[in-house]
Amino acid sequence: MILEARTARLVKSQDLNHHQTLFAGRAAEWFTETCFIAAARFTGDPAGLVCVRIHGLTFTKPAHPGDCVEIVARIAHTGRTSVTVSGEIFINETPTPTVKGFATFVHVDADGKALPHGLSLPADYLARHRSLHEEALSLPRQG
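If you read the sequence shown in this note's numbering, its first letter stands for residue 63, the second for the next number, and so on.
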């Protein structure tokens, strides 16, 4: 069972805003994509997932042209039909994330109706990531 995804990106000129820093919309796109990859690996059904909510995406430091960003996404909570993923963005291998948030995906059938996924997180994973799981539990629920 895969419970994490990591992607890396180079900040290029087409990723910049009018301040010449990484456009928040581009960072949000990369964040959501990496969170989706984590959820898809976990469920094994990428076609059956839709993103229903981005929770509290917080930016604390800008990224500049030439910076390398790494997005780390971990499964944080499972509901009956939902999977909530924690995402963090790190700039140039700094130990503290500069962007943090959560994304919730719902497992759906071919008609877009919520469908139970039947998955849960292993007890040892929950023990290692207790604070992440508890933070996800405090978010508004979907499914």
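We treat Cβ as the ideally placed atom computed from N, Cα and C, and that holds for glycine.
Environment of residue i [buried if 16+ CB atoms lie within 10 Å]
i	result
G180	exposed
H81	exposed
S148	buried
Nearest residue (CA-CA) to residue i, options the options
i	options	result
A165	Q82, M63, E91 and T69	E91
E196	V168, F152 and T140	T140
In DSSP terms, what residue i is bridged to
i	result
I151	I133 and V161
H117	F164
S144	V168
H139	T146
V112	V168
**Prompt:** Is the stretch 82-100 in contact with the stretch 123-141, if contact means three or more CB pairs nearer than 8 angstroms?
**Reply:** yes
**Message:** With a threshold of 8 angstroms, are at least 3 pairs of Cβ atoms found where one atom belongs to the stretch 76-84 and the other to the stretch 119-132?
**Reply:** yes
**Request:** Please determine if the stretch 160-177 and the stretch 114-125 are in contact, where contact requires at least 3 C-beta pairs separated by less than 8 angstroms.
**Result:** yes
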